[in-house]
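*Asks:* The numbering of the sequence shown is the numbering used here, which starts it at 218 and goes up by one.
The C-beta atom is built at its ideal place from N, Cα and C for all residues, glycine as well.
Source: prediction; values computed, not measured.
Sharing a structure, written as structure tokens. Questions coming.
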Amino acid sequence: MVLESDLRQLDESIAADPSAPRVVGVRAPGGYGKTALLTRWAKIYRDAGVPVYDGRQELPARDAAVLVDDAHQLDDERLRALRALAASGSAQLAIAYRPWPRRAALTDLVEAVTRVRPPVLLGPLSRAQIGERAGLLLGAKPSEDLVDLVGKQTGGVPRFVDRLVKAVSETADCSVPPSAVEGFRYEVDNLDDDVRRVLLATALGAATDLLVSLLGLDLDALGDAMDGARASGLLDDYGVLLPIAQRALIALSPWERRLSLHQRLIEIQLARSGALLPLVRPLLGAPVSGPLFASAFKVAGDEALAESPALAARLFAAAVEAGEPALSLAARRAEAAALSGDLDSGLRLADQAIAAEAAADRAHGASVAAAVLAHRGLLSSSTELYRWAGEGSAIPFAALGLIGTGRLAEADELLSRPGSGGPPTLLAGAARQLAQGVRESVAGSATTALATLTRAAVLIEPLGRNVLLPDTPAALAALVALHCGEFTVAESVLRRAIDSGMGGAIAARRHLLLRGWTAMLRGGFDAARSDLLAATSSGPMEPRDWLLATGLEIGLARRDSDLSALRTVWDRAREAIVRHPADLFALLPLGELAVAAGRLHDSSRLAPHLAQATELVQQLGNPPLWSTALSWSRMHAAVLDEHPEDAARHAADLAGLAAAHPYCAAVADAARVWVKLLAGDVDPVETESAARALAAAGLVWDGARLAGQAAIRTTDRAAMVALLDCARIIQGRQQEPQQEAPMAADNATTLSDREREVAELVVSGLTYKQIGEKLFISAKTVEYHVARMRQRLGSDTRSDLLNQLRGLLGNRV
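Written as structure tokens, this is what we have:
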């Protein structure tokens, strides 16, 4: 393509010597600025006193410039005359032409011109040039959104850029107005018939290989039509129809002509089992009906299900409107609705498929309903539906639900049936490994369980968003990893699931929330809050996700020592737990809620749910991997609720599980130390050992808290200092000097690093005890720091101190 700088040089050359012989060819599709360029040259010649002819009159003998626009439209006689002029060697001649049509006479003329000078090839405008051009038209700098819109819609074709910029400037928003589309009527009306048919068929979604069958053209005729389409300027550099041109062709073509083409395209694609989605999607909302369109919508819905369940749901609904029997599509419509996150519609449609004996895919409808109920926390009901469905992956999913509700023997019997997994598809294989992995977590090795579930996640990953599951292998692998301290594995498997879209929109929240739990348990509170916000900012949640989110929010409030936030979330937590019966996969949030209940001295409200959870794990034989986390949480709940005898009982339960896994051993040892702390027995050496073991197992915050609480309870100054140092090291804090440097007398308003930490927490409203817990110092030490700041700042009242501290901190808190 020619550069703008090259065109300026040509302008300057003409202006410098307008009488010199000069032969120039300008080639470009329609709309690329050929006419504007010739008009510019004509002005230069006229300003220099040189007559200008357009080549359609009798050619001058000499001393005149001949500037010919649209040379491809001239007759052969005129083209031959221009060729002779070009070959004379004394002409001032410029011709502009499109790449098509290329009759023999035009080809001879172009060859004669090209022998003198390579043709000027005009190309589309760059983004920067679009911005400059729009600025000139608008008289002001255009917005980035406008430049993006114009570039995307027009492909930088100058004529279309001008048209769209002017049209958009007359509207209130940055979108393509009808007036911009109407402006294409001249181009559309003046297209050659075959070119118009090719472009309209392309606008309707026809690929090149369909055009021969569709239009009844031989290959040569189709080639000419395609060349004509490119020459029209309505295609981009890659031969793809410009978006605004596609709008125009559809809007400006009679409905009957479009419908006829659509019907023929659909017939061809159905006969050859070709892709229908690109053809059928534009028909959504159009008044079409009949068996042909019903079948097309149905097939297109199946094609869309893998990448866009919401679109598939619309296509299936359109198939029913076009005449497809509703019951024949109820199960598929249910699956599409559920995958797109519309669980209410998914459950309603699935129920229709199950209830009607004449409905096709009743078993598939049952599987859809089962998956939805699992997401709603109704695992028992989900399990029964999977058992009734009895198809393919439904059997392993039913076994998964049986284990999750404490019925291990029934799950084993189900999995032992010959052919219980159906054909060896990716989904069936992943489902079976899913059930086996969860069973292994209950009755076998945590390491084996985690490996099996991780493999299931990898196996199902290629299916991405188009598979409806009661729970994903990634989510269950993460749960197992969190229960045995393998936080790195949990984070990795969840990241891959989020990136691949595993399980569709219905599973996205669960993956984010579990990643937030992983971060919180490791002490990464900012990352946990980020995932919690991402998961909860997109509308109402289903009970399972709501319980998980509420538990995460409570866990963060507790670790922040934010009693006010804890009370606020607790009101929602009570409702969340009522809506979600206890099952094996909800023990993590249930345990966190138990700790919050103990902190708020409201344990009686949670007692029935904890009793159900305890009964469930007992039915499963008290599997160490699952029982450890629940007992650890209940031990902390008893500590906070000031029931040392209950804390000792749960610690004893943990001791019985310690041999199963190093994580269980670390937690059991820490529980034993906690019970001793409650009795006033502080052993610095074993406490530090237990705290470091917790941190090594991934429970960084718990390890630091254990060391910090032991430091507060000991009366031995040296032991207190050692335990506080241990807590800080675990938390990754810099070790504080034993004595702070005295402050300069003339700098009374400067705070030490420790005083600044204390001041920020005082201003935020925490009590001395809460501040001590966060900084791993005693409440007395906090009080001492506050007294020093009050004395140095000359504050007589607490409100005066708070005002001065806010000023010193720059109102950051």
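Assuming V405 contacts A465 under a Cβ cut-off of 8 Å, what Cβ separation, rounded to an integer in Å, is found between them?
*Replies:* Sure, about 6 Å apart at Cβ, within 8 Å.
*Asks:* DSSP puts Q309 in a beta bridge; with which residues?
*Replies:* R239 and A282
*Asks:* In whole angstroms, what separates the C-alpha of Q370 from that of R550?
*Replies:* 34 Å
*Asks:* Determine the direct distance from the alpha carbon of L968 to that of A961, and round the result to whole angstroms.
*Replies:* Residue confidence is low: A961 scores 36 on pLDDT, short of 50, so the model does not pin down where it sits. Its coordinate-derived value is still stated next. Rounded to the nearest whole angstrom, the CA to CA distance from A961 to L968 is 11 Å.
*Asks:* Could you give the C-beta distance for V337 and G242, rounded to a whole number, given that I count them as a contact under 8 Å?
*Replies:* At roughly 7 Å, the Cβ-Cβ gap stays under 8 Å, so V337 and G242 are in contact.
*Asks:* Could you name the residues of the same chain whose beta carbon sits closer than 8 Å to that of L421, not counting the 5 residues immediately before and after it, in chain order?
*Replies:* I467, R475, L478, H479, L482, L496 and P499.
*Asks:* Tell me which residues share the same chain as P870 and place their Cβ nearer than 6 Å to its Cβ, disregarding the 5 neighbours each side in the sequence.
*Replies:* The identity of residue 870 in the sequence shown is Asp, whereas the question assumes Pro. Result list for D870: S848, in chain order.
*Asks:* Return the residue from the list A766, E832 and L837 that minimises the CA-CA distance to L810.
*Replies:* A766
*Asks:* Can you give me the start and stop residues for the alpha helix (DSSP H) that S848 sits inside?
*Replies:* P841 to L857
*Asks:* Helix, strand or coil, according to DSSP, for V1003 in the structure here?
*Replies:* helix
*Asks:* So, L432 versus A418, is the Cβ gap smaller than 8 Å?
*Replies:* yes
*Asks:* Taking C391 as part of the alpha helix (DSSP H), name the residues at either end of that continuous run.
*Replies:* No alpha helix (DSSP H) holds C391; DSSP gives it neither H nor E.
*Asks:* Shortest alpha-carbon distance to G563 belongs to which of F614, Q569, A554 and A570?
*Replies:* Of the listed residues, the one whose Cα sits closest to G563 is A554.
*Asks:* Could you compute how far the alpha carbon of A626 sits from the alpha carbon of L823?
*Replies:* 29 Å
*Asks:* Got a sec, what are the start and stop residues for the alpha helix (DSSP H) L442 sits in?
*Replies:* First, the amino acid is wrong: residue 442 is Ala here, not Leu. Segment L436 to A448, the alpha helix (DSSP H) holding A442.
*Asks:* Under a Cβ-count criterion, where at least 16 other Cβ atoms within 10 Å of its own Cβ denotes burial, should P350 be classed as buried or exposed?
*Replies:* Looking at the sequence provided, one finds Arg at residue 350 rather than Pro. Under this definition R350 is a buried residue.
*Asks:* Tell me whether the beta-carbon of E905 lies closer than 8 Å to the beta-carbon of A875.
*Replies:* No, these two residues do not count as a Cβ contact at 8 Å.
*Asks:* Alpha carbon to alpha carbon, how far is P394 from I988? Give it in angstroms, no decimals.
*Replies:* 60 Å
*Asks:* Would you mind sorting A691 into buried or exposed? The rule is 16 or more other CB atoms within 10 Å of its CB.
*Replies:* buried
*Asks:* On the DSSP bridge assignment, give the partners of V1051 in chain order.
*Replies:* Any answer about residue 1051 is impossible in this case: the structure gives the chain only from 218 up to 1030.
*Asks:* Who pairs with Y314 in a beta bridge, going by DSSP?
*Replies:* R244
*Asks:* Do V655 and L631 count as a contact pair if the criterion is CB distance below 8 Å?
*Replies:* Cβ atoms of L631 and V655: not closer than 8 Å.
*Asks:* Quick one: what's got a C-beta closer than 8 Å to G897's C-beta in the same chain, skipping five residues either side?
*Replies:* R930
*Asks:* Given that a residue counts as buried once 16 or more other Cβ atoms are within 10 Å of its Cβ, and exposed if not, what is T388?
*Replies:* exposed
*Asks:* Quick check on DSSP: helix, strand or coil for M960?
*Replies:* Any reading at M960 needs caution, since the residue's pLDDT is 37, under 50, leaving its predicted position unreliable; the model's value is listed next. In the structure shown, M960 sits in coil (DSSP, three-state: anything other than H, G, I, E or B).
*Asks:* Helix, strand or coil for Y249 per DSSP?
*Replies:* coil
*Asks:* Using a 10 Å radius around the Cβ and a threshold of 16 neighbouring Cβ atoms, would you call W1063 buried or exposed?
*Replies:* The structure shown does not extend to residue 1063, since the chain is modelled only from 218 to 1030, so the question has no answer here.
*Asks:* Buried or exposed: which applies to P959, given that a residue is buried once 16 or more other Cβ atoms fall within 10 Å of its Cβ?
*Replies:* For P959, the predicted structure reports a pLDDT of 37, less than 50, and the residue's modelled location is therefore unreliable. The matter cannot be settled from this model.
*Asks:* Which residues does DSSP list as the beta-bridge partners of L458?
*Replies:* L452
*Asks:* Let me know if A314 comes out buried or exposed under the rule of 16 or more other beta-carbons within 10 Å of its beta-carbon.
*Replies:* Reading off the sequence, residue 314 comes out as Tyr, not Ala. When all chains shown are included, Y314 counts as buried.
*Asks:* For R909, I'd like the list of residues in its chain whose CB is within less than 8 Å of its CB, leaving aside the five on either flank, ordered along the chain.
*Replies:* So the list reads G920, C943 and I947, once near-sequence residues are dropped.
*Asks:* So, with DSSP's three-state summary, where would you put Q951?
*Replies:* Confidence in Q951 is poor, its pLDDT being 33 and thus under 50, which makes the residue's placement too unreliable to answer from.
*Asks:* Check the DSSP bridge columns for Y270 and list the partner residues they point to.
*Replies:* Paired residue(s): V283.
*Asks:* Would A854 pass as a contact of V812 if the rule is Cβ separation under 8 Å?
*Replies:* In terms of Cβ geometry, A854 and V812 form a close pair [threshold 8 Å].
*Asks:* Among the residues of its own chain, which have a CB less than 7 Å from the CB of R950, if the five just before and after it don't count?
*Replies:* Annotation note: pLDDT 46 at R950 (below 50); position unreliable, no value reported.
*Asks:* Counting only runs that start and end within the stretch 870-906, where is the alpha helix (DSSP H) found for 4 or more residues in a row?
*Replies:* 879-895
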